[in-house]
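Participant:
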Amino acid sequence: MTVRYAAPEVIGAFQRGISLDRAAFLPADIFSAAVMLLECLTRAVPWPNMDMQGIVSAVQAGQRPGADALPVAVQDLAGQRPGADALPVAVQDLVRAAWQADPAMRPHAATLRQQCAALFVAVGGLGQ
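Numbering (my numbering), first residue to last: 14 to 141.
Written out as structure tokens, the structure is:
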């Protein structure tokens, strides 16, 4: 298990030594995708300088990786650290929706894809 990207229910199942219910697979993947999306956009590894138990405790307490968890050494091409707070509010909202503690509250994969595509177009795509 890569705990940096694990959903709360995945962590819980792992700790109890049981398999995750099949119905929870896709919502757990949505959670993980949100963490990876944040990592891609901010160019920072989630939960830097934290060990596995620290990450587990943080996730179970409802914390999520954010601007305060980003390493200072990460810089963009202009020498600035993007950070989660520098992201457009719509992107922050999308990520927050996808990493809800309750798997039933997370968007479906098709919805997440549509929202990502719309945001991509809204920010200028690949810059023509």
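Glycine is no exception: its CB is placed at the ideal position from the N, C-alpha and C atoms.
Evaluate Phe44 with the Cβ neighbour count: other Cβ atoms within 10 Å of its Cβ, from every protein chain shown; 16 or more gives buried, anything less gives exposed.
Facilitator: Reading the sequence shown from its first residue, position 31 is the one you call residue 44. It counts as buried.
Participant: Does the region 99 to 110 come close enough to the region 14 to 33 that 3 or more CB-CB pairs lie under 8 angstroms?
Facilitator: Segments in contact, no.
Participant: Quick one: grab the DSSP three-state call for Ile43.
Facilitator: On the sequence shown, position 30 is the one that residue 43 refers to. In this structure, Ile43 counts as helix in the three-state DSSP scheme.
Participant: According to DSSP, simplified to helix, strand and coil, what is Ala74?
Facilitator: Within the sequence shown, the letter at position 61 stands for residue 74. Three-state result, Ala74: coil.
Participant: For Ala20, count the other beta carbons within 10 Å of its own beta carbon; 16 or more makes it buried, fewer makes it exposed. Which is it?
Facilitator: Walking along the sequence shown from the start, residue 20 turns up at place 7. Buried, since its Cβ has 16 or more Cβ neighbours within 10 Å.
Participant: Taking one C-beta from the region 58 to 74 and one from the region 115 to 131 each time, how about it: are there three or more such pairs within less than 8 angstroms?
Facilitator: Cβ pair count under 8 angstroms is below three, so no.
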